[in-house]
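In our numbering, the protein residues as written are 1173 to 1633. Just so it is clear, CB atoms sit at the ideal spot from N, CA and C, and this is done for glycine as well. Report on the structure given below.
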Ligand SMILES: [Zn+2]
């Protein structure tokens, strides 16, 4: 039972129910779980591995609730730089159709390396096209090598252009094949236990790329095994028009019709919802993955995060796929969430004088969304805070740096207000993934080289 002691952090941010912040704090870890979190003086004096975090802020690992790792291969693509969602997708589908299992593997490692270096320890990924023999197994194998926790979502597309869907027929699959592979993956990989490194999620891609029948069948299969459900929803006005025209419902009502409401469901984006639909999410316990950068990048809109929080809807943050961000930095995403919520409050007539119609989102609220909020959205009670019994998932940032000069009166807020930085330590289940600012489980330079080769081949055809 290996032990790890992290000690003398300038401040330990627990994100427990009391949101305690403990000066000169630390953690004592045994076999991947936190045995003690508190003042260094109260912790055991030594362990198998000791990290002296003097001069660092120590925070719970960030939880990314929506991503498409493979899209790191097609960032900043000229033809897709200035398009809205539907046109962006139509430009990219044929390129993604050339992906191979090796492309899935390297792009997973690239995305997870970026995430780890931004303080993320758990990521939900949504892989929904499987060309040229690609499988979700390729992603899972790559994630195991770098060592982050993943909620690997078995995505799917079955509604091609010829049946009124958006994607070309060449990238959609038969529903029988999708369901059989989904069941295989759950049986082979899904670990329901606390501390799981891999959990499987079923994730038909979006209302405009799968049939209602596949939505229903996926929900039935997921509930048979107790795995969660995820999809894109209410991302754009185009999608709303599509749902009204094809299904005769707004997106949320369509989800109700296909049995996609419940505590085991979370939606990416959920920008275009009305007050009644916010209440529907709250009543049924649906979660929301808020992706502010992607929503700005694709000019999609601004999700009503304040309304969700006020109604008690679970909200986490997602960097979204790297072709619509174009990065995988969770601290940056938390910063965008805070700033975008403030902009929305301002546009709606609030002022920063404190008389806001909606309260101004604070840095600590943004951190809450990125930790506890994300854990709740993914249905994981074992992550999101630093307290006894939780997974030893944390990160630390050295405070003596140019980015934080002049902000040391509140180092916790500095992690969100100041320029997003590359973190110094990231630990998952007691295992060091990042040490002194460098990846330790994989060779970063090698990832960059292989990834650029794969991207060049993919985009060049
Ligand atoms: Zn997405």
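- Counting C-beta pairs closer than 8 Å gives three or more between the segment 1429-1442 and the segment 1393-1411, which meets the contact rule.
- Distances from the CA of residue 1473 to each of 1187, 1228 and 1513 were compared; the closest alpha carbon is that of 1513.
- Judged by their CB atoms, residue 1291 and residue 1589 are not nearer to each other than the 7 Å cut-off.
- In the DSSP assignment, residue 1206 falls within the unbroken beta strand (DSSP E) covering 1205-1211.
- With a contact defined as Cβ atoms closer than 8 Å, residue 1276 and residue 1311 qualify at about 6 Å.
- Apart from sequence neighbours up to five positions away, the residues of its chain that approach residue 1174 with a beta-carbon distance below 8 Å are 1202, 1203, 1220, 1221 and 1602, ordered along the chain.
- For residue 1597, the closest C-alpha among the options 1420, 1367, 1239 and 1225 is that of 1225.
- With a cutoff of 7 Å on beta-carbon distance, residue 1462 and residue 1433 are scored as not near each other.
- Sixteen is the threshold: since fewer than 16 other Cβ atoms of the shown chains lie within 10 Å of the Cβ of residue 1621, the residue is exposed.
- In this structure residue 1519 is exposed. Its beta-carbon is surrounded by fewer than 16 other beta-carbon atoms within 10 angstroms.
- At a cut-off of 3 residues, the continuous stretches assigned as beta strand (DSSP E) that sit fully inside the segment 1461-1549 are 1486-1489.
- For residue 1566, the enclosing beta strand (DSSP E) begins and ends at 1566-1570.
- Taking the C-beta atoms as reference points, residue 1538 is found no nearer than 7 Å to residue 1579.
- Under the DSSP definition of a beta bridge, residue 1322 partners with 1295 and 1370.
- DSSP places residue 1438 within a strand segment (E or B) once states are collapsed to three.
- Annotated three-state conformation of residue 1182 is strand, per DSSP.
- When the five nearest sequence neighbours on each side are left out, the beta carbons in the same chain lying within less than 8 Å of the beta carbon of residue 1410 are those of 1256, 1257 and 1258, in order along the chain.
- Per DSSP, reduced to three states, the secondary structure at residue 1608 is coil, with no helix or strand assignment.
- Approximately 5 Å separates the beta-carbon atoms of residue 1469 and residue 1496; this is inside 8 Å, confirming the contact.
- Excluding the 5 residues flanking it on each side, residue 1208 has same chain C-beta neighbours closer than 8 Å at 1199, 1200, 1214, 1215, 1216 and 1560, in chain order.
- Distance from the CA atom of residue 1181 to the CA atom of residue 1193, rounded to whole angstroms, is 11 Å.
- If you check the C-beta of residue 1498 against ligand 1, you find no heavy atom less than 6 Å away.
- Rounded to whole angstroms, the Cβ separation of residue 1232 and residue 1565 is 7 Å, and the two are in contact under 8 Å.
- Residue 1440 has its CB nearer than 6 Å to a heavy atom of ligand 1.
- In summary, residue 1218 is exposed, with fewer than 16 beta-carbon neighbours lying within 10 Å of its beta-carbon over all protein chains present.
- Using a Cβ-Cβ distance cut-off of 8 Å, the segment 1332-1345 and the segment 1276-1288 are not in contact, since fewer than three pairs of beta carbons, one from each stretch, lie closer than that value.
- DSSP places residue 1402 inside the beta strand (DSSP E), whose first and last residues are 1400-1405.
- Here DSSP, grouped into helix, strand and coil, assigns residue 1235 to strand.
- When DSSP reads this structure, residue 1221 sits in a beta bridge with 1176.
- The continuous beta strand (DSSP E) containing residue 1193 extends over residues 1193-1202.
- In the DSSP secondary-structure assignment, residue 1376 is bridged to 1328.
- Counting other Cβ atoms within 10 Å of its Cβ, residue 1360 stays below 16 and is therefore classed as exposed.
- Between residue 1491 and residue 1240, the C-beta gap is not smaller than 7 Å, which leaves the two residues out of contact.
- Burial state of residue 1489 is buried, judged by a 10 Å Cβ sphere holding 16 or more other Cβ atoms.
- Here residue 1571 is buried. Its C-beta has 16 or more other C-beta atoms within 10 Å.
- By the Cβ-count criterion, residue 1625 is exposed, with fewer than 16 other Cβ atoms from all chains shown falling within 10 Å of its own Cβ.
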